[in-house]
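Protein chains in written order, with the numbering used here: chain A, 1 to 221; chain B, 1001 to 1221.
The beta-carbon is built from N, C-alpha and C at its ideal position, and this holds for glycine as well.
It should be emphasised that the depicted structure is a prediction, and the values quoted were computed from it without experimental measurement.
Report on the structure given below.
There are 2 protein chains.
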Amino acid sequence: MPKLALMRRVLASNDALAAAQRKELDRHGVLGINIMSGPGAGKTSLVERTAEALSGNYRMQVIEGDIQGDLDARRVAAKGVRCIQINTQGACHLDGLMLGPAMGEIDIENLDLLLIENVGNLVCPAEFALPVHYNVTVISTPEGSDKPAKYPLMFSKSDVLIINKIDLLPFVDFNVSALKQAVRKLRPGITFIEMSAKTGEGVEKWVAWLEQKLRGRRRKQ
Amino acid sequence: MPKLALMRRVLASNDALAAAQRKELDRHGVLGINIMSGPGAGKTSLVERTAEALSGNYRMQVIEGDIQGDLDARRVAAKGVRCIQINTQGACHLDGLMLGPAMGEIDIENLDLLLIENVGNLVCPAEFALPVHYNVTVISTPEGSDKPAKYPLMFSKSDVLIINKIDLLPFVDFNVSALKQAVRKLRPGITFIEMSAKTGEGVEKWVAWLEQKLRGRRRKQ
Chain A
1 MPKLALMRRV LASNDALAAA QRKELDRHGV LGINIMSGPG AGKTSLVERT AEALSGNYRM
61 QVIEGDIQGD LDARRVAAKG VRCIQINTQG ACHLDGLMLG PAMGEIDIEN LDLLLIENVG
121 NLVCPAEFAL PVHYNVTVIS TPEGSDKPAK YPLMFSKSDV LIINKIDLLP FVDFNVSALK
181 QAVRKLRPGI TFIEMSAKTG EGVEKWVAWL EQKLRGRRRK Q
Chain B
1001 MPKLALMRRV LASNDALAAA QRKELDRHGV LGINIMSGPG AGKTSLVERT AEALSGNYRM
1061 QVIEGDIQGD LDARRVAAKG VRCIQINTQG ACHLDGLMLG PAMGEIDIEN LDLLLIENVG
1121 NLVCPAEFAL PVHYNVTVIS TPEGSDKPAK YPLMFSKSDV LIINKIDLLP FVDFNVSALK
1181 QAVRKLRPGI TFIEMSAKTG EGVEKWVAWL EQKLRGRRRK Q
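Here it is, written out as structure tokens:
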């Protein structure tokens, strides 16, 4: 099966590239976070909330991945945070190669936190390692709690699962405990954070998690 | 750019295969519909509603595409409709090659309507032609009305856009007229159907559209 073999080589090259890029972050004590989700689950709202909470105390850089356009980068820049927009021109994910030019442009010497917002897609982004220390996936309650069974790879690669749009729980069919049970089977020890990025409920738990990781980085330096 | 050239060859081969498969449908007067959306927008609920409305009068076959599992196929089978589940084993879309074995299994001589539910993904499925006559995309109101700007290919290839979960409109930020305006630029003449597959609101418009197309097929025979 030559197609599969080729794919495996591409993934291995990307792993090596992403690992080298991550070492650069480590050398400068920068925390890297990859945010993934399906379309419209609330990744950009999460980035906005993070900017509001942390940009006063930490030096932040955001990289926005979208197939085309700069809607999300404009939203983030409006929060006063440095932001680079990557247009994948049709590609369904970010990878190390696409991030290369952006990684060269960021001011890594004056940086604490790098947030990378991946392309909205519950499938492909999970296959490609990025220069980050943690993968964070956002699932929103209107999507339904059956998603782990259908998109297992992304959940199995996530360190944090943000259950977003909990303000809509009364109006949708979403079983929080069934979701958690299914996700724990794919990724034991995963951290769950229930949130409404819209109302702000639960955002403080996410910020506390991030600050703990940021303090860990600083101590390391 | 050898990578792009290879991709184009793969897509061209798939176009040819899907066209041949569609000719088989034409020979038997079968209407083929490809249903696409991001994860959790309501494709399976749409198929369930369609089965409830039409399976008494038309001979239906459903093909369910999922990365893994058979949750959706079980839901459809519970409506008394013939259903084949395809597991893509990680692949982010269906294509003609994956559909080949399923197309060989369906009882095409005793069939009016073939519904193919694609993998939940707003990106990749739009690139691969299937043996169908119409592409139907489902967007749900909690996803936000900015999606056409970010995922233009899927909207540009759709004949019908179902705006689902309109029961949630009071609780989410979704601008129906802005969405329609953006989509019309990508696909002039597209048919919009506002619906709540959950409450049943608007389902009759979808059923009417389908029945019109089904009657057209039968006359052709």
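**Study point:** Segments assigned alpha helix (DSSP H), at least 4 residues, entirely inside the segment 1019-1105 of chain B
**Key:** 1043-1054, 1071-1077, 1096-1105
Review point. Among A:206, A:131, A:75, which residue has its Cα nearest to the Cα of residue 14 of chain A?
Key: A:131
Exercise for review: Would you decide whether residue 1177 of chain B is buried or exposed? Buried here means 16 or more other CB atoms lie within 10 Å of its CB.
Suggested key: exposed
Practice item. Would you please verify whether the beta carbon of residue 1168 of chain B is less than 7 Å from any beta carbon of chain A? Key: yes
**Study point:** Every unbroken alpha helix (DSSP H) within the segment 97-154 of chain A, with a cutoff of 4 residues, ordered by chain
**Key:** 147-150
Review point. Taking 7 Å as the CB-CB limit, is residue 1016 of chain B close to chain A?
Key: no
Check your understanding: Can you name, in chain order, every residue of its own chain whose Cβ lies under 7 Å from the Cβ of residue 214 of chain A, other than the five neighbours on each side?
Key -> 31, 58, 112, 113
Point to revise | Residue range of the beta strand (DSSP E) that includes residue 1161 of chain B | key: 1160-1164
Check your understanding: In chain B, which residues lie less than 9 Å from residue 90 of chain A when you measure between Cβ atoms?
Key -> 1123, 1127, 1153
**Study point:** Minimum Cβ-Cβ distance from residue 1071 of chain B to chain A less than 7 Å
**Key:** yes
**Study point:** First and last residue of the uninterrupted beta strand (DSSP E) at residue 193 of chain A
**Key:** 191-194
Point to revise | Reduced DSSP category for residue 201 of chain A - H, G, I as helix; E, B as strand; rest coil | key: coil
**Study point:** Within chain B, the residues that residue 171 of chain A reaches when beta carbons sit closer than 8 Å
**Key:** 1167, 1168, 1171
Review point. Between the segment 137-144 of chain A and the segment 162-181 of chain A, do three or more beta carbon pairs fall short of 8 Å?
Key: yes
Exercise for review: Would you grab the beta carbon distance between residue 76 of chain A and residue 1119 of chain B for me? Rounded to a whole angstrom, and I think it's under 8 Å.
Suggested key: With 8 Å as the limit, residue 76 of chain A and residue 1119 of chain B do not qualify as a contact, their Cβ atoms being about 29 Å apart.
Practice item. Please list, in chain order, all residues of the same chain as residue 1041 of chain B whose beta carbon is under 7 Å from its beta carbon, the five residues on each side excluded. Key: 1138, 1139, 1140, 1143, 1164
Exercise for review: Can you give me, in chain order, the residues of the segment 134-152 of chain A that have a beta carbon less than 9 Å from any beta carbon in chain B?
Suggested key: 139, 140, 141, 142, 143, 144, 146, 147, 149, 150, 151, 152
Exercise for review: Return the residue from the list A:82, A:127, A:117, A:199 that minimises the CA-CA distance to residue 66 of chain A.
Suggested key: A:117
Review point. Using DSSP with H/G/I as helix, E/B as strand and the rest coil, what is residue 1187 of chain B?
Key: coil
**Study point:** Under 7 Å between C-beta atoms of residue 134 of chain A and residue 33 of chain A
**Key:** yes
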